[in-house]
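Read through the structure below, which is laid out as structure tokens, and then see the notes.
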Amino acid sequence: MSSDAPSHACCTIPPVVSDTESYKPKGSYISLKHTDKEKFAKDPITRAYVTGPTGTGKTIIVVFDIFGQVLRFHYFNQTVQGADLIAETVGAKVIMPDFFRDKPMDIKLYPPTTDDAKQKIQTFFQVQGHFENRISELLDIAKGEKNNGVEKIGALGYCWGGKVTVLANASGEFAATASVHPAMWAKADAENIKAPVGIFPSQDENLEEVSSLVMLYEGNVRSYLTSVTTFCDTQFNAFNEIASKKPFASKNRYKVYDTMFHGWAAARGDLSDPENLKQYKDVYTEVSHFFKNALA
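Each residue of the sequence shown is one higher than the last, beginning at 38 in the numbering used here.
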């Protein structure tokens with residue numbers, strides 16, 4: 038997988054606002070309608086943040102991390118600014134749906150230190166974070182974009198969302214998918230990918246840091262009752278080895294952010310910290326370069 042530095046002429050992102058509380062989103066929150074209205078009639082996604090130009094033939098759908106939003110229908114500005122940066126740099130429409138229906142995981146519960154917190158996380162992954170259900174919705178949104186004439190569709194996921202996007206890659210509906218500080222990947226994920234992948238983990242994806250994660254696999258709930266790795270070395274290396282042999286391998290992109298923590302580019306990011314700000318700028322340059330190349 039490619040890990041060369043991106044061309045600055047190709048992908049110089051706009052200035053980053055380090056004061057996230059004062060950041061003014063470039064896009065807007067809009068009503069969202071499913072393509073298959075009957076299938077999602079009982080519990081539809083109704084809102085999304087949308088930014089970037091339309092009519093370019095390119096759309097990137099963002100799957101945020103488990104913390105999703107900070108206020109009702111308003112996402113963390115770290116993630117929103119990232120979407121704005123990508124939209125402007127790639128020249129693509131970016132959609133960030135409210136997959137959690139205004140019921141994200143409480144960021145104050147992370148990392149879980151009590152039985153109550155662990156139970157809430159388990160419940161979250163069985164309901165809001167259910168992989169199969171969220172992937173189905175992601176594919177429906179992608180179908181809607183294609184019905185509107187969009188030719189190239191990408192997907193970007195953070196943490197849990199990174200698992201969603203790599204699993205969705207296997208559908209063949211996406212021109213490319215990327216994952217930033219991804220969680221719960223496995224060797225089997227690489228076997229099924231059908232389009233270029235961008236992988237941008239932090240140092241924590243090699244550490245035991247998440248307690249009582251719930252992993253949904255083939256419709257069954259598998260609960261890890263002790264600390265587990267979110268992105269263990271053996272599975273990660275195996276994924277890269279398989280992905281590097283795919284016919285689209287030259288478009289894959291991989292870079293480890295070994296000074297960063299899990300979540301630094303999304304909800305848990307602290308852009309007032311100089312190193313976090315530096316690597317935030319870098320990863321959005323990398324992600325933009327990846328999509329600009331893969332969606333060309």
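In this text, a Cβ means the ideal position worked out from N, Cα and C, and glycines have one as well.
Give the DSSP bridge partners of residue i, in chain order.
i	result
I279	According to DSSP, I279 bridges with nothing at all.
Y66	Y86
L193	V99, A215
I236	S216, Y291
Could you say which of the options lies nearest to residue i if we only look at CA atoms?
i	options	result
V234	A280, V201, D241, K79	A280
N206	A227, A223, L314	A227
A333	T83, G94, F77, A286	G94
P81	S216, R171, E58	R171
V201	H167, K183, N184, A212	H167
G186	L193, I123, G92	G92
M133	T296, E75, H326, P62	P62
T126	I98, E278, P52	P52
M221	T57, I103, K74, P90	I103
Can you give the beta carbon distance from residue i to residue j, rounded, assuming they're within the 8 Å contact cut?
i	j	result
Y86	A120	7 Å
K292	F237	6 Å
Y147	A303	At roughly 12 Å, the Cβ-Cβ gap does not stay under 8 Å, so Y147 and A303 are not in contact.
K140	Q165	6 Å
M297	S216	With 8 Å as the limit, M297 and S216 do not qualify as a contact, their Cβ atoms being about 14 Å apart.
Kindly indicate which three-state DSSP category residue i falls into: helix, strand or coil?
i	result
Y60	coil
Y321	helix
P311	helix
G306	coil
F298	coil
F136	coil
K130	strand
K74	coil
I50	coil
D226	helix
S208	coil
L122	helix
F285	coil
Can a CB atom of chain C be found closer than 8 Å to the CB of residue i?
i	result
Q106	No chain C is present in this structure, which holds just one protein chain.
*Could I get the ranges of all uninterrupted alpha helix (DSSP H) runs contained in the stretch 131-186, with 4 residues as the minimum, in chain order?*
Counting whole runs of 4 or more residues, the stretch 131-186 contains the alpha helix (DSSP H) stretches 152-163, 168-184.
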